[in-house]
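Read the structure below first, then the notes.
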Amino acid sequence: MSDLPDTDFTQRFIFDERDVRGEWVSLDDSYAAVLARHKYPQPVKALLGELMAATALLVGAMKFDGLLILQARSAGPIPLLMVECSGDREIRGMARYEADQIPADATLSQLMPDGHLTLTIDPIKGQRYQGTVDLDGANLSECFTNYFVQSQQLNTRFWLNAENGKARGLLLQQLPRDRQPDDEEREDSWQHVVALAKTLKPEEWAENNETLLHRLYHEDAVRLFDIQPLRFNCSCSRERSGNALVSLGEQDAKALVEECGGQVEIDCQFCNERYFFDASDVAQLFAGGGTDVASETRH
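Residues in the sequence shown are numbered from 5 upward in steps of one, following my numbering.
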């Protein structure tokens, strides 16, 4: 994934004399790729970018083979925000929304009332994990901070920003007791790094990470690690769409083709790709021919 090292990446840093680590995220091309596929209103763009940044930060903090999925659901004008990022650091996202119910200055509580946030870790090997908390913050940064306090009982803070086609984020997390064995010292140290991070201004998100770290923590010994690139990629395919039809059973799949006027259209909600299957395609699927050779009616 060396094609996007300078625009889409996470980057870890650690304090040499404190039990605290951090992670930056920068998403330009991958965020732009998501926005290019849908005409989202500005408030939806911002929330989706922030959720993408949060997802990337969490993947940056983990080492696993599988899929990390974040879903924010509500009973409001934005019923769903969803972002997926694989262990291979391929990210995609989408939103469902009611455009006529979204004012430009709407708050998170207005856009997603009675909302909840679900984090799912689906490893290739091992047990699937899922945790859910209410969307009880003034913004997504507060919601993620509350999630870790409630479900993980870890001192963790998120700062998320998405504007002008760029998504950015910062995560700070307290590490297990090591360099600072004293409880009071640990707490004072944590409050110190958080207080300085709170001084980060919106216009400063465009700065490079080394500059930001120096500006915030120039009195601390901080090590900044190599960047870890990410990229946009949608995992949809004609094969997966065909498998969805096969899962219906042959009789129901054929009936669906007839109900749809001779051709079933399967849309990917993430990338807007469309896959078409007619009676010949369905017959080929159930004959074991797969989707490699499609009829003339295809995407």
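For glycine and all other residues, C-beta sits at the position ideal for the given N, C-alpha and C. Since we're looking at a predicted model, the values are computed, not measured.
query: Using a Cβ-Cβ distance under 8 Å, would V268 count as near chain D?; result: Of the chains in the structure shown, none is chain D; there is only one protein chain.
query: Go to H120, then tell me how far its beta strand (DSSP E) extends in each direction, as first and last residue.; result: 120-127
query: Who are T59's beta bridge partners in DSSP?; result: For T59, which the question treats as bridged, DSSP gives no partner whatsoever.
query: Only counting the same chain, and skipping five residues up and downstream in sequence, which positions put a Cβ closer than 7 Å to that of C147?; result: L121, L139, D140, G141
query: Using DSSP with H/G/I as helix, E/B as strand and the rest coil, what is G1?; result: Summary: the structure shown does not reach residue 1, with the chain confined to residues 5 through 303, and so no result is reported for it.
query: Can you tell me which of the three DSSP states A110 falls into?; result: coil
query: Within the chosen definition, does the segment 44-62 reach the segment 75-95 through at least 3 CB pairs nearer than 8 Å?; result: yes
query: Over the uninterrupted beta strand (DSSP E) stretch that includes Y133, give me the two end residues.; result: 133-138
query: The beta strand (DSSP E) that contains S78, what's its start and end?; result: Here S78 belongs to no beta strand (DSSP E), and DSSP marks it neither H nor E.
query: Tell me the DSSP secondary structure of R219 in three-state form.; result: helix
query: Which partner residues of G265 appear in the DSSP bridge assignment?; result: The partner list for G265 (beta bridge, DSSP) is empty, contrary to what the question assumes.
query: Identify, in the order they occur along the chain, each residue of the same chain with its Cβ nearer than 7 Å to the Cβ of R183, setting aside the five sequence neighbours on each side.; result: E21, R22, D23
query: For I73 and E223, what's the separation of their Cα atoms in angstroms?; result: 37 Å
query: Using CA coordinates, which residue listed in N276, L289, L164 is at the minimum distance from H42?; result: N276
query: What separation, rounded to the nearest whole angstrom, lies between the Cα atoms of A248 and L260?; result: 12 Å
query: Should A108 go down as buried or exposed, given a rule of 16 or more other Cβ atoms within 10 Å for buried?; result: exposed
query: For the alpha helix (DSSP H) that W194 lies in, which residues bound it at each end?; result: 187-201
query: Since P180 sits in a beta bridge, which residues does DSSP pair it with?; result: Beta-bridge pairing links P180 to no other residue.
query: Helix, strand or coil for D20, going by three-state DSSP, please let me know.; result: coil
query: Grab the span of the alpha helix (DSSP H) containing E146 for me, first residue to last.; result: 144-151
query: Where do the ends of the beta strand (DSSP E) carrying D282 lie?; result: 278-282
query: By how many angstroms is the C-alpha of A171 removed from the C-alpha of I82?; result: 19 Å
query: Give me the residue from V250, Q232, R242 with the minimum Cα distance to D271.; result: R242
query: In terms of residue numbering, what span does the alpha helix (DSSP H) encompassing L234 cover?; result: Per DSSP, L234 belongs to no alpha helix (DSSP H) and is neither H nor E.
query: Could you tell me whether the segment 96-104 touches the segment 30-46, using the rule of 3 or more Cβ pairs below 8 Å?; result: yes
query: Assign S155 to buried or exposed, taking buried as 16 or more other Cβ atoms, counted over all protein chains shown, within 10 Å of its Cβ.; result: exposed
query: What does the alpha-carbon distance come out to for the pair R96 and P185?; result: 41 Å
query: Out of L31, L289, L84, R132, which one is the CA nearest neighbour of G253?; result: L289
query: Where does E94 sit, in a helix, a strand or coil, going by DSSP?; result: strand
query: Identify which residue in G135, G53, L115, D92 has its Cα closest to the Cα of G80.; result: L115
query: Please report how far the alpha carbon of G255 lies from the alpha carbon of A291, in whole angstroms.; result: First, the residue type needs correcting, since residue 255 is Gln and not Gly in the sequence shown. Spanning the two alpha carbons is a distance of roughly 13 Å.
query: Find the nearest neighbour of E54 within the set Q131, N165, R77, A201, judged by alpha-carbon distance.; result: N165
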